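J.:
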Amino acid sequence: MASDIEIARAANMKPIQDIAVRLNIPDEALIPYGKTKAKVSGEFLSSLDGKQNGKLILVTAINPTPAGEGKTTTTVGLGDGLNRIGKNAMICLREPSLGPCFGMKGGAAGGGHAQVVPMEDINLHFTGDFHAITSAHNLLSALIENHIYWGNELGIDQRRVVWRRVLDMNDRALREIVCSLGGVANGFPREGGFDITVASEIMAILCLATDLDDLQRRLGDIIVAYRRDRTAIRARDLEADGAMTVLLKEAIQPNLVQTLENNPAFIHGGPFANIAHGCNSVMATQSALKLADYVVTEAGFGADLGAEKFFDIKCRKAGLSPDAVVIVATVRALKMNGGVAKEDLGAENVDAVKKGCANLGRHIENVKQFGVPAVVAINHFTADTEAEVEAVKAYCAELGVDAILASHWAKGSEGTAELAEKVVALAESGAAQFAPLYDDSLSLFEKIETIAKRIYRADEVLADKSVRDQLKRWEADGFGNLPVCMAKTQYSFSTDPNLRGAPVGHSVPVREVRLSAGAGFIVAICGEIMTMPGLPRVPSANHIKLDSKGQIEGLF
56 MASDIEIARA ANMKPIQDIA VRLNIPDEAL IPYGKTKAKV SGEFLSSLDG
106 KQNGKLILVT AINPTPAGEG KTTTTVGLGD GLNRIGKNAM ICLREPSLGP
156 CFGMKGGAAG GGHAQVVPME DINLHFTGDF HAITSAHNLL SALIENHIYW
206 GNELGIDQRR VVWRRVLDMN DRALREIVCS LGGVANGFPR EGGFDITVAS
256 EIMAILCLAT DLDDLQRRLG DIIVAYRRDR TAIRARDLEA DGAMTVLLKE
306 AIQPNLVQTL ENNPAFIHGG PFANIAHGCN SVMATQSALK LADYVVTEAG
356 FGADLGAEKF FDIKCRKAGL SPDAVVIVAT VRALKMNGGV AKEDLGAENV
406 DAVKKGCANL GRHIENVKQF GVPAVVAINH FTADTEAEVE AVKAYCAELG
456 VDAILASHWA KGSEGTAELA EKVVALAESG AAQFAPLYDD SLSLFEKIET
506 IAKRIYRADE VLADKSVRDQ LKRWEADGFG NLPVCMAKTQ YSFSTDPNLR
556 GAPVGHSVPV REVRLSAGAG FIVAICGEIM TMPGLPRVPS ANHIKLDSKG
606 QIEGLF
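First residue of the sequence shown: 56, per the working numbering; consecutive thereafter.
(1) Would you check if the distance between the CB atom of Leu-400 and the CB atom of Lys-390 is smaller than 8 Å?
(2) Tell me the rounded alpha-carbon separation between Glu-501 and Asp-514.
(3) Which residue comes first and which comes last in the alpha helix (DSSP H) that contains Val-76?
(4) State the DSSP-derived secondary structure class of Thr-352, mapped to helix, strand or coil.
(5) Look at Glu-305 and Leu-610 and say whether their C-beta atoms are less than 8 Å apart.
(6) With DSSP collapsed to three states, give me the class of Gly-535.
(7) If you compare alpha carbons, which of Asp-495, Glu-483, Asn-421 is closest to Tyr-511?
(8) With a 10 Å radius around its C-beta and 16 neighbouring C-beta atoms as the bar for buried, classify Gln-107 as buried or exposed.
(9) How many angstroms separate the CA atom of Leu-481 from the CA atom of Val-456?
(10) Short of 7 Å in beta carbon distance, which residues of its chain neighbour Ala-259, apart from the five on each side in sequence? Order them along the chain.
(11) Using only CA atoms, which one of Ala-240, Pro-244, Asn-225 lies nearest to Ile-232?
(12) Relative to the C-alpha of Asn-79, which residue among Val-380, Leu-346, Thr-550 is closest?
(13) Taking the alpha-carbon of Glu-353 as reference, which of Pro-552, Met-587, Arg-569, Ala-164 has the nearest alpha-carbon?
(14) If we count Cβ pairs, one from each stretch, closer than 8 Å, do we get three or more for the region 485-505 versus the region 539-553?
(15) Should the region 524-537 be called in touch with the region 355-367, which here means at least 3 C-beta pairs below 8 Å?
(16) Given Gly-275, which residues of its chain have a CB within under 7 Å of its CB, disregarding the five upstream and five downstream residues?
(17) Going residue by residue through the region 414-454, where are the continuous beta strand (DSSP E) segments of at least 3 residues, counting only ones entirely within it?
(18) Would you be able to state if there are at least three C-beta pairs under 8 Å between the region 219-226 and the region 583-592?
(19) Would Gln-341 and Ala-320 qualify as a contact pair, given that the criterion is a beta-carbon distance under 8 Å?
(20) In whole angstroms, give me the CA-to-CA distance for Cys-262 and Glu-403.
(21) Who are the near neighbours of Ala-413 in its chain, counting only those whose CB is closer than 8 Å to its CB and skipping five residues on each side?
(22) Would you call Asn-310 buried or exposed, if buried means 16 or more other Cβ atoms sit within 10 Å of its Cβ?
(23) So Asp-268 is in the alpha helix (DSSP H); what residue range does that whole segment cover?
(24) Since Phe-157 and Ser-595 are thought to touch, with beta carbons under 8 Å apart, how far apart are those beta carbons, to the nearest angstrom?
(25) Which whole-angstrom value is the C-beta distance of Met-299 and Leu-194, which I expect to be below 8 Å?
(26) Quick one: what does DSSP say Pro-564 is sitting in, helix, strand or coil?
(27) Could you have a look at Met-541 and say whether DSSP puts it in helix, strand or coil?
(28) Count the other C-beta atoms from every protein chain shown that fall within 10 angstroms of the C-beta of Asp-59, then say buried if there are 16 or more, exposed otherwise.
(29) Taking the Cβ atom as the reference point for each residue, do Lys-90 and Ile-71 lie within a distance shorter than 8 Å?
(30) Could you please give the first and the last residue of the uninterrupted alpha helix (DSSP H) stretch that includes Gln-170?
(31) What number of angstroms, rounded off, separates the C-alpha of Thr-586 from the C-alpha of Asp-250?
(32) Give a yes or no on contact between the region 135-144 and the region 469-489, applying the rule of three or more CB pairs nearer than 8 Å.
(33) For Arg-230, name the three-state secondary structure that DSSP assigns.
(34) The beta strand (DSSP E) that contains Glu-398, what's its start and end?
(35) Taking 7 Å as the limit between beta carbons, can you name the residues of its chain near Glu-443, skipping five residues before and five after?
(36) If you scan the region 130-171 from start to end, which runs of the alpha helix (DSSP H) of 4 or more residues do you find wholly inside it?
Right, dumping it as structure tokens:
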């Protein structure tokens, strides 16, 4: 079979105006970026208010492993499958980050015959949204330093500047830095650091804002530093919110592209789920629900991270109510959770599949806690045996959930028709009784404990007195009603990335907490998770190049 990039290049893409026509989006509402991608104007999207919403389907997964799960591929395949069975459906995805593209993960536009295109554009610069977010973030950094340099009228305590810089690349050397060295002309030396752009609060704000006015209000609410008396200084105090909004005025508009089967897709925003809230933009999702009868969206990494944040942050803040959930699993990944080494995954091992199903079962139980019906999609690999697949189906049946084999990677929408029929049945059943995991009224530490104990199955949360005191100060300052965003390894329910399966009896250490006042949540940084990743020993960048025809090799 051809590689992903070869399949993508062979796609018969339609002009983006043709894709827009299917959604009743007029030409004047499009801002084209070439022939096959465009932004949809905010003015048109605001005109959709009052239209009835379609059904919202979340695609999530078991904890990721080196064996692969294929959540994005399944999201694309399901969207195509729904259209194949006669439904008016579209998908909503996050934009890929350059960090993972050149690091370990590679691209993030699906795979095989279930991809969004133009794949190379989407995985690289796309429409420039991430560049705009990076620029807006670092403009605020520059304005903070400039204000201090010119007399510090606001009384910023240089020891309490909490706004870090960002870069959309994995670079461990920038995690902790000293800036403003070199003498009087360069400012006042202090410690700082970089996060990756997808961990920026501005990324979260862009993905949670409902329009330009809401965007500017949230940007103004960002807390950048504190005075010596610990009173907060916001971006608005530096008169930064207007210029930042200008830099983001196009980035806030959703990007319209298509699948290999010429079905519509919004790809917009891209916060990571292990260090941020892991969902595409509210604007894209809410608009899609007005434009299509079924909207398939994904949340990053496993359901313990992406789905929990989708439910407890995005749905809570945006007033969304999902109708069904698809939990993606692969036989290969379940065998890894059952103790099989990566190099041995090709051999049949039903016992390991059964053992590894504990991880899948935990995610099924967790999704049920939110009151949304679920179905399991077994993302098919050619080496899977019938006995292994049947073991997964039997396990799920014991939990009262259907497991359906999906072969979209090889067959496109033909391979997800059965899954699509089941999703429609669940969504139309009226069984969804969605509710977030915790109430706004709980204390911030109680919210952290609720997630740790009910989702991760931890026995306790460990936090120094300084962390607990900081949470109490924020509560006293009026932030106690905010949800929490857990920054934790994606590879395990615990904070130990090597602890697979469904561990119990572990502890969740909270190393640091950060207030994202503009985004509207508290970030709890757990274990050894880093908000600026590093590159692996052999990064994907080592294999990416142009061939003799000027085409990209090694991106996927």
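Note that beta-carbon positions come from the ideal geometry of N, C-alpha and C, so glycine has one too. Quick caveat: nothing in here was measured; it's all calculated off a predicted structure.
T.: If we stick to the structure as given:
(1) As a first step, residue 400 must be located in the sequence shown, where it is residue number 345. As a first step, residue 390 must be located in the sequence shown, where it is residue number 335. Result yes, Cβ atoms of Leu-400 and Lys-390 sit closer than 8 Å.
(2) Taking the first residue of the sequence shown as position 1, residue 501 is located at position 446. Taking the first residue of the sequence shown as position 1, residue 514 is located at position 459. The alpha-carbon atoms of Glu-501 and Asp-514 are separated by roughly 13 Å.
(3) Numbered from 1 along the sequence shown, position 21 holds the residue referred to as residue 76. First-last of the alpha helix (DSSP H) with Val-76: 71-77.
(4) Counting from 1 along the sequence shown, the entry for residue 352 is found at position 297. In the structure shown, Thr-352 sits in a strand (DSSP, three-state: E or B).
(5) Residue 305 sits at position 250 when you count from the first residue of the sequence shown. Residue 610 sits at position 555 when you count from the first residue of the sequence shown. Going by C-beta atoms, Glu-305 is not nearer than 8 Å to Leu-610.
(6) Indexing the sequence shown from 1 puts residue 535 at position 480. The answer is coil: DSSP assigns Gly-535 none of H, G, I, E or B.
(7) The residue you call residue 511 lines up with position 456 of the sequence shown. Taking only the C-alpha atoms, the option nearest Tyr-511 is Asn-421.
(8) Reading the sequence shown from its first residue, position 52 is the one you call residue 107. Result: exposed.
(9) The count along the sequence shown starts at 1 and reaches residue 481 at position 426. The count along the sequence shown starts at 1 and reaches residue 456 at position 401. If I take the Cα positions, the gap works out to 11 Å.
(10) Position 204 of the sequence shown, counted from the first residue, corresponds to residue 259. Around Ala-259: Pro-326, Ala-331, His-332, Ser-571, Ala-574.
(11) Here residue 232 refers to the residue found at position 177 of the sequence shown. It is Pro-244 whose Cα lies nearest to the Cα of Ile-232.
(12) Start at 1 with the first residue of the sequence shown, and residue 79 comes out as number 24. Nearest C-alpha to Asn-79: Leu-346.
(13) On the sequence shown, position 298 is the one that residue 353 refers to. It is Ala-164 whose Cα lies nearest to the Cα of Glu-353.
(14) yes
(15) no
(16) For the purposes of this step, residue 275 is identified with residue 220 of the sequence shown, where counting begins at 1. Correct list, in chain order: Arg-289, Ala-290, Arg-291, Asp-296.
(17) 429-434
(18) yes
(19) On the sequence shown, position 286 is the one that residue 341 refers to. On the sequence shown, position 265 is the one that residue 320 refers to. Their beta carbons are not under 8 Å apart, which means Gln-341 does not touch Ala-320 by this criterion.
(20) By 1-based counting over the sequence shown, the position of residue 262 is 207. By 1-based counting over the sequence shown, the position of residue 403 is 348. So the two alpha carbons sit approximately 43 Å from each other.
(21) Taking the first residue of the sequence shown as 1, we reach residue 413 at position 358. So the qualifying residues of the chain are Asn-392, Gly-556, Ala-557.
(22) For the purposes of this step, residue 310 is taken as residue 255 along the sequence shown, with counting starting at 1. Result: buried.
(23) Position 213 of the sequence shown, counting from 1, holds the residue named residue 268. Element bounds for Asp-268: 267-276.
(24) As a first step, residue 157 is located in the sequence shown; it is residue number 102 there, counting from the start. As a first step, residue 595 is located in the sequence shown; it is residue number 540 there, counting from the start. That belief holds up - the Cβ atoms of Phe-157 and Ser-595 are roughly 6 Å apart, short of 8 Å.
(25) Counted from its first residue, the sequence shown places residue 299 at position 244. Counted from its first residue, the sequence shown places residue 194 at position 139. 6 Å between Cβ atoms; contact.
(26) The residue you call residue 564 lines up with position 509 of the sequence shown. Note: Pro-564 maps to strand in three-state DSSP.
(27) Here residue 541 corresponds to residue number 486 of the sequence shown, with the count starting at 1. Residue state, collapsed to three classes: strand.
(28) As a working mapping, residue 59 is identified with position 4 in the sequence shown. Answer is buried; the Cβ neighbour count reaches 16.
(29) Against the sequence shown, residue 90 aligns to sequence position 35. Against the sequence shown, residue 71 aligns to sequence position 16. Yes; because the gap between Cβ atoms is below 8 Å, this pair is in contact.
(30) Residue numbering aside, residue 170 sits at position 115 when the sequence shown is read from its first letter. Note, Gln-170: premise wrong, no alpha helix (DSSP H); beta strand (DSSP E) at 169-172.
(31) As a working note, residue 586 is residue 531 in the sequence shown. As a working note, residue 250 is residue 195 in the sequence shown. The straight-line gap from Cα to Cα measures roughly 5 Å.
(32) yes
(33) If you number the sequence shown from 1, residue 230 lands on position 175. Coil.
(34) In the sequence shown, the residue the question calls residue 398 occupies position 343. Counting along the chain, Glu-398 falls outside any beta strand (DSSP E), and DSSP gives it neither H nor E.
(35) Along the sequence shown, one-based indexing puts residue 443 at 388. Only Val-386, Glu-403, Val-405, Val-408 meet the Cβ criterion.
(36) 153-157
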